[in-house]
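Protein chains in written order, with the working numbering: chain A, 1 to 345; chain B, 346 to 690. Ideal Cβ placement from N, Cα and C applies to all residues, glycine included. A short write-up of the structure that comes next.
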């Protein structure tokens, strides 16, 4: 047979095929670029990749419609460092001098007196009631706008004592990649933190790419008043609406999201109920816990018999056993992460 | 000059141009199709179009980044009919027989006795304390999952007395178009309702295209327990967390969204603070009120001197005056809407 003459319509078909192939190749390149470059190969990484494939591949029997793709992340110790104190705790301590300058009568009153002394050992021993007084005094009693400015100003200058860097640089690079990977796959990422909801909102969009409406945290009561020009003003009142920790994390998710997460990530017993609630749903579910076992690159405060304990955010042995029993995947910072922080070489 | 020979590369350029023009034409057609076909030309419609152009045209001095495009909508009387009673009120009344069947001791106790009598006049006269008892008894004391099933089942069969249609068909077609128009322009649409947050969540995604996490409403407390199989269960407790009406709407927006809306829509004095808060922000802001002045196609319950008053959702004269003074745009159902409901001819 004679070859067919190359008519314009044949050429146009050829060009369409070429365009199609070029586009497909582009897609293939984008898909094969490693979305989790800071994760070492292993069970933790594989469980993430398997979960994402099972819930986002339209051919998968466990496919999840995009509107139901909800992933919730604890913050302190899960997305960023929480030692020697969760960042908001340091903020509250740092606010005391300004507070006492505005209200000098607090100077000789506990817990302000002890905080002003700078005696870390004495501060660590303050009873719970005094800590609550400290939180209420530094996190309420101002307008929402004033609070936002105070937090922003503090974050712009405060540095942690170990790395001498702004706190917002102490996020875990592998978790940042995980957030982005899930979002690229249609997941809506939420922070569900025991920290103050409006504290985290100040920096979460810039720090994690998570907007204010996707921050679930400990919630305080507010009230409305009018300023001298007649404009409405939101005041932060010394009233607890919801303590977003333990069972409160599930209550917070019900309140703020209204859907059961498909994936949840935490690092302490404060995350237990969120992980249980996530795994109790049908279909593919992912529950993961960050184990702090890297004393060189970060801190080690896991199960007592394996690792040295430090004061905060403990991950006791029975919690580790519960994780294994419940099919929660434990992430070893030491063994599963190529690097912890973006600023590492 | 001789015409250039039609080489394959010339043909490929031609095809690219043809594809480009075809795509551009498609875009142009999509952009010029009327996004608000149920709105008559006039000040209300124009204020919407002007606001959207000012905040979404990149060349506009009042351009708003997409992440800050938040629009909040009251529900009852703003997105759907609220006469003779807001739909959730009818749900609570309709639940009483099932409640009394489960707890026969309530049969002779107020307000259940009066509700069971079916005497509408007596029901309308029940004191506020009795109404609160009724709400708590029908909206709390079950698991969140049970509640969702009860509401879903009721919505599937209940019909309003005037149009004999499911309540979810009583949404205002012009407002549905407005929701879609704003979403097409990058706005995140929220319901901010005095109704129960988890009641509205049951149907809002299907009815309005608004997902559960974008419903802000009156919030009740919950608690966590475990069922016989060890799975966590969310219980709806008889505890009010936030009454999402009047100032509570601003508090609810702060809690659930954490950003000031760019546009807000309501219909009663319960929306006043939300509209004030919205307009108090900088740049272009839109505040609108639906005026029920269409006794033929829906109901008329606006300012007393102009329109017959009915029991609920009043729009008193001083509120009308406040709207005009504050630059809030009043939407006349009678004059601004070509049709009210989708089911109209």
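Note down the Cα distance separating residue i from residue j, rounded to an integer number of angstroms.
i: residue 280 of chain A; j: residue 488 of chain B; result: 15 Å
i: residue 663 of chain B; j: residue 118 of chain A; result: 57 Å
i: residue 171 of chain A; j: residue 532 of chain B; result: 30 Å
i: residue 130 of chain A; j: residue 111 of chain A; result: 6 Å
i: residue 312 of chain A; j: residue 441 of chain B; result: Caution applies to residue 312 of chain A, whose pLDDT of 41 falls short of 50 and renders its modelled position unreliable; the value that the coordinates give is listed next. Distance between the alpha carbons of residue 312 of chain A and residue 441 of chain B is about 50 Å.
i: residue 496 of chain B; j: residue 113 of chain A; result: 54 Å
i: residue 329 of chain A; j: residue 277 of chain A; result: 15 Å
i: residue 105 of chain A; j: residue 140 of chain A; result: 18 Å
i: residue 680 of chain B; j: residue 390 of chain B; result: 11 Å
i: residue 307 of chain A; j: residue 601 of chain B; result: Residue confidence is low: residue 307 of chain A scores 47 on pLDDT, short of 50, so the model does not pin down where it sits. Its coordinate-derived value is still stated next. Straight-line Cα distance between these residues: approximately 40 Å.
i: residue 342 of chain A; j: residue 231 of chain A; result: 43 Å
i: residue 553 of chain B; j: residue 380 of chain B; result: 16 Å
i: residue 229 of chain A; j: residue 397 of chain B; result: 28 Å
i: residue 426 of chain B; j: residue 224 of chain A; result: 29 Å
i: residue 538 of chain B; j: residue 560 of chain B; result: 8 Å
i: residue 465 of chain B; j: residue 454 of chain B; result: 17 Å
i: residue 321 of chain A; j: residue 572 of chain B; result: 22 Å
i: residue 67 of chain A; j: residue 556 of chain B; result: 8 Å
i: residue 526 of chain B; j: residue 47 of chain A; result: 40 Å
i: residue 348 of chain A; j: residue 185 of chain A; result: Limits of chain A in this structure are 1 at one end and 345 at the other, which puts residue 348 of chain A out of reach.
i: residue 551 of chain B; j: residue 603 of chain B; result: 25 Å
Can you find the residues in the same chain that come closer than 8 Å, C-beta to C-beta, to residue i, ignoring five residues on each side of it along the sequence?
i: residue 500 of chain B; result: 511, 512, 513, 547 and 548
i: residue 338 of chain A; result: 37, 38, 39, 40 and 174
i: residue 99 of chain A; result: 106, 112, 137 and 138
i: residue 615 of chain B; result: 419, 539, 590, 591 and 594
i: residue 49 of chain A; result: 36
i: residue 29 of chain A; result: With a pLDDT of 48 at residue 29 of chain A, under the threshold of 50, the predicted position of this residue should be treated as unreliable, and no value is reported.
Any heavy atom of the ligand SAM closer than 7 Å to the Cβ of residue i?
i: residue 155 of chain A; result: Questions concerning the ligand SAM fall outside what the structure shown contains, since it holds no ligand whatsoever.
Relative to the C-alpha of residue i, which residue among the options is closest?
i: residue 163 of chain A; options: A:298, A:191 and A:100; result: A:298
i: residue 536 of chain B; options: B:562, B:529 and B:525; result: B:562
i: residue 611 of chain B; options: B:385, B:423, B:472 and B:404; result: B:423
i: residue 292 of chain A; options: A:71, A:342, A:76 and A:256; result: A:76
i: residue 578 of chain B; options: B:385, B:490 and B:425; result: B:490
i: residue 425 of chain A; options: A:71, A:83, A:296 and A:121; result: The structure shown does not extend to residue 425 of chain A, since chain A is modelled only from 1 through 345, so no value can be given for it.
i: residue 123 of chain A; options: A:93, A:108 and A:177; result: A:93
i: residue 430 of chain B; options: B:557, B:605, B:446 and B:506; result: B:506
i: residue 323 of chain A; options: A:264, A:252 and A:289; result: A:289
i: residue 135 of chain A; options: A:54, A:263, A:74 and A:115; result: A:115
i: residue 263 of chain A; options: A:212, A:126, A:178 and A:80; result: A:178
i: residue 544 of chain B; options: A:284, A:254 and A:120; result: A:254
i: residue 646 of chain B; options: B:404, B:428 and B:413; result: B:428
i: residue 528 of chain B; options: B:388, B:404, B:414 and B:676; result: B:414
i: residue 432 of chain B; options: B:597, B:503 and B:526; result: B:503
i: residue 406 of chain B; options: B:660, B:641 and B:627; result: B:627
i: residue 331 of chain A; options: A:235, A:237 and A:294; result: A:294
i: residue 584 of chain B; options: B:567, B:472 and B:571; result: B:567
i: residue 641 of chain B; options: B:582, B:557, B:678 and B:630; result: B:678
i: residue 340 of chain A; options: A:55, A:176, A:91 and A:126; result: A:176
i: residue 54 of chain A; options: A:345, A:285 and A:325; result: A:285
List, in chain order, every chain A residue whose beta-carbon is nearer than 7 Å to that of residue i.
i: residue 433 of chain B; result: Neighbours of residue 433 of chain B on chain A: none; closest Cβ ~16 Å, over 7 Å.
i: residue 546 of chain B; result: 258
Using C-beta distances below 6 Å, list every residue in its chain close to residue i, excluding the 5 sequence neighbours before and after it, in chain order.
i: residue 219 of chain A; result: 197, 241 and 242
i: residue 327 of chain A; result: none
i: residue 493 of chain B; result: 547
Going along the chain, which residues of its own chain have a beta-carbon closer than 7 Å to the beta-carbon of residue i, five neighbours each way excluded?
i: residue 618 of chain B; result: 591, 592, 594 and 595
i: residue 57 of chain A; result: 63
i: residue 478 of chain B; result: 456
i: residue 650 of chain B; result: For residue 650 of chain B, the predicted model reports a pLDDT of 42, less than 50, meaning its position is unreliable and no value from the coordinates is stated.
i: residue 275 of chain A; result: 264, 266, 287 and 328
i: residue 340 of chain B; result: Past the boundaries of the shown model lies residue 340 of chain B; chain B is included only from 346 to 690, so the question cannot be answered.
i: residue 580 of chain B; result: 488, 567, 568 and 570
i: residue 261 of chain A; result: 70, 71, 72, 253 and 278
i: residue 471 of chain B; result: 456 and 459
Chain B partners of residue i, CB-CB under 7 Å?
i: residue 84 of chain A; result: Near residue 84 of chain A there are no residues of chain B at all, since even the closest Cβ is about 29 Å away, more than 7 Å.
i: residue 277 of chain A; result: 577
Cβ closer than 8 Å: which chain A residues qualify as neighbours of residue i?
i: residue 564 of chain B; result: 255
Starting from the beta carbon of residue i, find every residue of chain A whose beta carbon is closer than 9 Å, and list them in chain order.
i: residue 583 of chain B; result: Ordered by position in chain A, no residue passes the 9 Å Cβ test against residue 583 of chain B, which lies about 15 Å from the chain.
Closer than 9 Å by beta-carbon distance: list the chain B residues that pair up with residue i, in chain order.
i: residue 250 of chain A; result: 567, 569, 577 and 579
Within 8 Å of any Cβ in chain D, is that where the Cβ of residue i sits?
i: residue 241 of chain A; result: In summary, chain D is missing from the structure at hand, where the protein chains are A and B.
Point to revise | Ranges of the beta strand (DSSP E) found wholly within the region 397–463 of chain B, counting only runs of at least 3 | key: 415–418
Practice item. Taking only runs that begin and end inside the region 583–621 of chain B, name each unbroken beta strand (DSSP E) of 3 or more residues, in chain order. Key: 608–611
Check your understanding: Counting only runs that start and end within the region 202–243 of chain A, where is the alpha helix (DSSP H) found for 4 or more residues in a row?
Key -> none
Practice item. Could you tell me which uninterrupted alpha helix (DSSP H) segments, each at least 4 residues in length, are contained entirely in the region 485–538 of chain B, listed from first to last along the chain? Key: 489–502 and 518–529
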